[in-house]
Structures are given as structure tokens and as C-alpha cells.
Amino acid sequence: MPQTILAPVHHELLIKKSRFIACVQPMADRAGAQQVVAGLRAQHPGAAHVCWALLAGGQSAAVDDGEPSGTAGRPMLDVLRHQDLEGVLATVVRYFGGVKLGAGGLVRAYTDSVAQALLHADKIAIIRKTVLRCSAPYPLEGLVRREIDGAGATLLDVMHGNDVVFAFSLPEAAAGAFAARLNEAGHGRIAWLRDEEA
């Protein structure tokens, strides 16, 4: 099950006089990630590289920022994927210490920087939600409200017209069983609406 992290976590490594300053933080999209990276460049004008990796809402990125191709961004992205994370940005600011690390050394340094930061992360499972809409006769309004509440669903909207129309969200995995239970409790008098009908 994919997870995200609750708050930014940091770690700093010193390898052969090079300083690697890592941060992994929650991130919704690429635009937000690019703003964070621009901010890091401004904060660290003397840094040799600001490398980053992003996994957010189907958007991914692996940026080496001048390091040899595949030695920074991709290894960082692999750490995020290996830990089944989503909605996160990993950044590593590198201050060059004068000693070249070689391709293998760079991959290890960027991998370790991100992995060490993640040891301190509070992770939380991402539960995908879906929105359901249904219509019920007025005598069933109380029943539908109790079922929604009992399922731990979030009531989003209630409209009163010829019937009562409910919009609510709940975890995708629970939607089918909930709809079946409500249909049975309502004796077939619950109508399910698609978005354009609501």
C-alpha cells in the first residue's frame, strides 16, 4: 500500500570532504517541487549541485543537476519507489569537497543520503477515496445518514428536492460493499447517480 510522509525529514552526510544535505518532504506536484528546488539554489549559492527526485500523483522526476547521468536523481527516485512512497520530494544539496567519488561513490552517496533521512520519517498509508452519490425517498433519509455515519464515510452534500440526494466520500476499497449494504437496507429504493445526474 503506498505511503506518504507527514513532515519533512533531513540528513547530512560528509563523504571525502563533500557535504550532502538531504531533505525528503511531502509534495503534491512538479510545480511545487520546482519551487522548492529554486529555493534551495537561492539558499545554497555555493553548492555544486541541487539534485532531486519526485513521486507525486503520477508525476515523477529524477534530476542529476550536472552530476554524471544516472548517478544522483535516479538512485534517489529508486529509494522512494523501493519504500513505496507517493507524494514526496527528495532533494540533496551537494557541496563539492575537492575529491571525486566516481560513479559508484556518487550513487551510494545520493542513495544513502535519502535513505538515512527516511529513517526519521513518520509514514502514513495513502487511502484512495471515491465520491458516491445516491438519491433516496424522504422516509429513508435517516437510514442513509446512519449508514453513511456508520461506515465512517464523509458526508459532502445533501440536497432536498423530489428526493434527498446525498454526496459522500469513502475509501475506494469499501465502496462496493457499502453500496450493496445500502441497497439491501433501502429495499431497492436507493438510486445511485453518476456525476452528471447529481
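Heads up, the sequence shown is in numbering that gives the first Met the number 0, so the first residue is 0 and it goes up one at a time. The C-beta atom is built at its ideal place from N, Cα and C for all residues, glycine as well. The structure displayed is predicted, hence computed values, not measured ones.
{"query": "Measure the C-alpha to C-alpha separation of A32 and M26 and round it to an integer number of angstroms.", "result": "7 Å"}
{"query": "Can you give me the C-alpha to C-alpha distance between I126 and L154, rounded to a whole angstrom?", "result": "17 Å"}
{"query": "Are the beta-carbon atoms of R93 and F19 separated by less than 8 Å?", "result": "yes"}
{"query": "My output table needs one value for E85: the three-state DSSP class, helix, strand or coil.", "result": "coil"}
{"query": "Is T129 closer than 8 Å to L192 when the C-beta atoms are compared?", "result": "no"}
{"query": "Give the single residue among S112, A150 and A116 whose Cα lies nearest to the Cα of A178.", "result": "A150"}
{"query": "Below 8 Å on the Cβ atoms is my contact criterion, and I expect L100 with A89 to pass it. Report the Cβ-Cβ distance as a whole number of Å.", "result": "That pair is no contact at about 19 Å."}
{"query": "If you reduce the DSSP assignment to three classes, tell me which class F95 lands in.", "result": "coil"}
{"query": "Under a three-way DSSP split, which group does A21 fall into?", "result": "strand"}
{"query": "Return the residue from the list A135, E146, A172 and E171 that minimises the CA-CA distance to N161.", "result": "A135"}
{"query": "Cα separation between A60 and D156?", "result": "37 Å"}
{"query": "Ignore the nearest five residues each way along the sequence and tell me which others in M0's own chain have a CB closer than 6 Å to its CB.", "result": "A124"}
{"query": "Just how far apart, CA to CA, sit A52 and Q82?", "result": "14 Å"}
{"query": "In or out: A30 buried (at least 16 other Cβ within 10 Å) or exposed?", "result": "exposed"}
{"query": "Could you tell me the distance, in whole angstroms, from the CA atom of R198 to the CA atom of V49?", "result": "Residue 198 is absent from the model: the chain starts at 0 and stops at 197."}
{"query": "What are the start and end residues of each continuous alpha helix (DSSP H) run of 4 or more residues lying completely inside the region 99-149, in chain order?", "result": "101-117 and 140-149"}
{"query": "Identify the residues that DSSP records as bridge partners of V163: which are they?", "result": "A135 and H159"}
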